[in-house]
Each structure stands twice: as structure tokens, then as C-alpha cells.
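Residue numbers 1 to 212, in full-length UniProt numbering, belong to the letters of the sequence shown in order.
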Amino acid sequence: MRIIGFTDLHEKFINFDKILNYKPDIILISGDITHFGRNLRIIDLLRGVNEKVKVLTVPGNCDTKEAIEKLNKYNLNIDEECVEINGIKFVGIGGSNRTPFNTPNEYEDEELFNKFLKGIKNIDKNTLKNNFILVSHAPPKDTMADRVGDLHVGSESVRKIIEEHQPTLCACGHIHESRCIDKIGETLIVNPSPDAFFVFDTKTKYLEIMEL
1 MRIIGFTDLH EKFINFDKIL NYKPDIILIS GDITHFGRNL RIIDLLRGVN
51 EKVKVLTVPG NCDTKEAIEK LNKYNLNIDE ECVEINGIKF VGIGGSNRTP
101 FNTPNEYEDE ELFNKFLKGI KNIDKNTLKN NFILVSHAPP KDTMADRVGD
151 LHVGSESVRK IIEEHQPTLC ACGHIHESRC IDKIGETLIV NPSPDAFFVF
201 DTKTKYLEIM EL
């Protein structure tokens with residue numbers, strides 16, 4: 001499958017007709033779809049895209065309760081869920097670990113781990129290794145994906161999940177300035193930043209970040 005992924009749209013309208021020219025099988029969005037819920041029309045746009053190509057999202061720390069309710073209404077939200085498509089599982093972790101900014105959708109780090117456990121509660125954990133994609137707004141701690149200056153501000157729980165369960169890919173965001181492709185063990189980590197998107201081939205494991 002060909003997967004295209006975005007993060008941190010903050011209500012920016014993407015030319016999805018252009019994106020569909022890449023012939024994705026799935027489009028992932030790793031949170032902060034809205035900017036504090038000020039304009040929910042972006043979710044209506046995603047609903048239309050979902051009629052052409054499957055769209056899977058998790059909310060970010062800047063997505064409000066109203067935004068999350070609308071994502072749920074349109075069946076776009078996989079936070080705390082596991083969805084299987086063409087034999088590959090997608091597990092979602094929405095929101096972020098605590099920030100200094102008191103944004104609407106923040107959690108204690110342990111709560112993020114519990115979101116993952118809820119998502120896989122009906123899954124044989126022995127079938128997960130190298131056979132699922134983690135869609136998390138928060139990046140794993142101590143990687144290229146979570147740097148703010150000299151600090152690493154990512155989630156310890158997301159890192160623990162990756163170390164213990166080794167997803168094929170972790171599609172994350174949250175830290176706008178940390179565009180990267182990185183690795184933890186065999187897991188590819190990608191934070192495409194708000195100004196780009198990634199393309200991932202599940203068969204070849206080819207991963208690339210491309211400018212919008």
C-alpha cells in the first residue's frame with residue numbers, strides 16, 4: 001500500500017486533488033487538524049476526501065472537544081482504536097504529553113500509554129510486531145522528531161510503545177521544527193512538519209518526505 005501522511009494542518013486547506021495524483025491507498029493525519037477548533041470546515045474537507053481514499057486521523061493537542069466530536073461523527077478518528085486495512089493494523093494515540101501552553105487536549109504521559117492499551121485490547125499482541133503503524137500526534141522522546149532547540153520534549157510512553165512493540169512506522173508530528181525521518185530499532189519515525197507530507201510504501205518500506 002502507498003500511504004501519504006500529514007501533520008499539524010492547523011486548519012490549512014491542502015490541495016488534496018494534487019495529493020490524489022500520487023494515488024495513495026490511505027491518507028494519515030497525525031493531529032492538530034484544527035487550530036483550537038476555530039474553523040471546523042477542514043474536517044468537512046477531509047470527509048469529502050475520505051469518500052475517495054480512506055482517511056485516518058488522530059486529534060492533536062490543539063484540537064478541541066468540538067473538533068474531536070466532528071472527527072468521530074465522520075468516522076475519521078482512530079484515537080484509542082485499532083483499524084485493520086489490507087492486513088496492516090493502524091493504532092492511534094491522540095493528544096500530546098503536557099506542554100507549557102495548557103492546550104485543550106493534553107495528557108499525562110502514562111495516559112498516552114493507556115490510550116495505546118485501549119486500542120489493542122482486543123488484539124493478540126504477538127501479531128503486532130513489525131505489523132502495525134502507530135499514528136501518534138506526540139513524537140517519541142529523545143529522537144530527531146521531538147527536538148525544540150537543545151531540548152527533547154516528546155513522549156516517553158510513545159517511545160516505550162515503539163521499543164516494546166516495534167511498529168513498522170510511527171507517523172507523528174506536534175513539534176513543527178523537527179521535520180525528520182529517524183529510527184528506533186527497526187521502526188521508522190517520521191515527522192513531516194506542517195509544510196510537507198510523507199510517502200510510505202508498506203511493501204518496500206520506502207519512506208520520503210516531500211514539500212507541499
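Built from N, CA and C at the ideal position, the CB exists for glycine as well. It should be emphasised that the depicted structure is a prediction, and the values quoted were computed from it without experimental measurement.
Taking DSSP as the reference, what is the three-state secondary structure of residue i?
{"i": "Phe-13", "result": "coil"}
{"i": "residue 220", "result": "In this structure the chain extends from 1 to 212, so residue 220 is not present and cannot be described."}
{"i": "Leu-128", "result": "coil"}
{"i": "Gly-31", "result": "coil"}
{"i": "Ala-67", "result": "helix"}
{"i": "Arg-41", "result": "helix"}
{"i": "Gly-87", "result": "coil"}
{"i": "Phe-116", "result": "helix"}
{"i": "Ile-133", "result": "strand"}
{"i": "Ser-157", "result": "helix"}
{"i": "Asn-105", "result": "coil"}
{"i": "Asn-61", "result": "coil"}
{"i": "Asn-21", "result": "coil"}
{"i": "Asn-72", "result": "helix"}
{"i": "Ile-162", "result": "helix"}
On the DSSP bridge assignment, give the partners of residue i in chain order.
{"i": "Arg-147", "result": "His-152"}
{"i": "Gly-48", "result": "Bridge partners of Gly-48: none, in fact."}
{"i": "Thr-187", "result": "Ile-184"}
{"i": "Val-199", "result": "Ile-4, Glu-208"}
{"i": "Lys-54", "result": "Ile-26"}
{"i": "Ala-171", "result": "Val-135, Val-190"}
{"i": "Asp-79", "result": "Gly-92"}
{"i": "Pro-140", "result": "Ser-155"}
{"i": "Asn-97", "result": "Tyr-107"}
Do residue i and residue j have their C-beta atoms within less than 9 Å of each other?
{"i": "Ile-78", "j": "Val-135", "result": "yes"}
{"i": "Gly-94", "j": "Lys-73", "result": "no"}
{"i": "Gly-5", "j": "His-174", "result": "no"}
{"i": "Pro-24", "j": "Ile-3", "result": "yes"}
{"i": "Asn-105", "j": "Asn-39", "result": "no"}
{"i": "Ile-120", "j": "Val-153", "result": "no"}
{"i": "Ser-155", "j": "Pro-139", "result": "yes"}
{"i": "Met-210", "j": "Phe-198", "result": "yes"}
{"i": "Leu-28", "j": "Lys-89", "result": "no"}
{"i": "Phe-36", "j": "Thr-64", "result": "yes"}
{"i": "Thr-187", "j": "Cys-172", "result": "no"}
From residue i to residue j, what distance separates their C-alpha atoms?
{"i": "Gly-149", "j": "Leu-45", "result": "34 Å"}
{"i": "Thr-71", "j": "His-10", "result": "Checking the sequence, you will find Leu at residue 71 rather than Thr. Looking at the two C-alpha atoms, the distance is approximately 14 Å."}
{"i": "Ile-26", "j": "Cys-82", "result": "15 Å"}
{"i": "Asn-15", "j": "Leu-212", "result": "9 Å"}
{"i": "Thr-103", "j": "Asp-8", "result": "14 Å"}
{"i": "Asn-131", "j": "Ile-184", "result": "15 Å"}
{"i": "Pro-59", "j": "Asn-75", "result": "13 Å"}
{"i": "Glu-84", "j": "Ile-189", "result": "20 Å"}
{"i": "residue 216", "j": "Thr-204", "result": "In the structure displayed, the chain extends from 1 to 212; residue 216 sits before or after that span and is not available."}
{"i": "Leu-117", "j": "Glu-108", "result": "15 Å"}
{"i": "Thr-34", "j": "Asn-21", "result": "25 Å"}
{"i": "Arg-98", "j": "Asp-124", "result": "30 Å"}
Examine the ligand FMN and report whether any of its heavy atoms sits within less than 8 Å of the Cβ of residue i.
{"i": "Val-153", "result": "With respect to the ligand FMN, the structure shown offers nothing to examine, as it has no ligands at all."}
Review point. Are there three or more Cβ pairs, one per stretch, closer than 8 Å when the region 159-170 is compared with the region 49-66?
Key: no
Practice item. Determine, using beta-carbon pairs with one atom in the region 136-148 and one in the region 178-192, whether at least three such pairs fall under 8 Å. Key: yes
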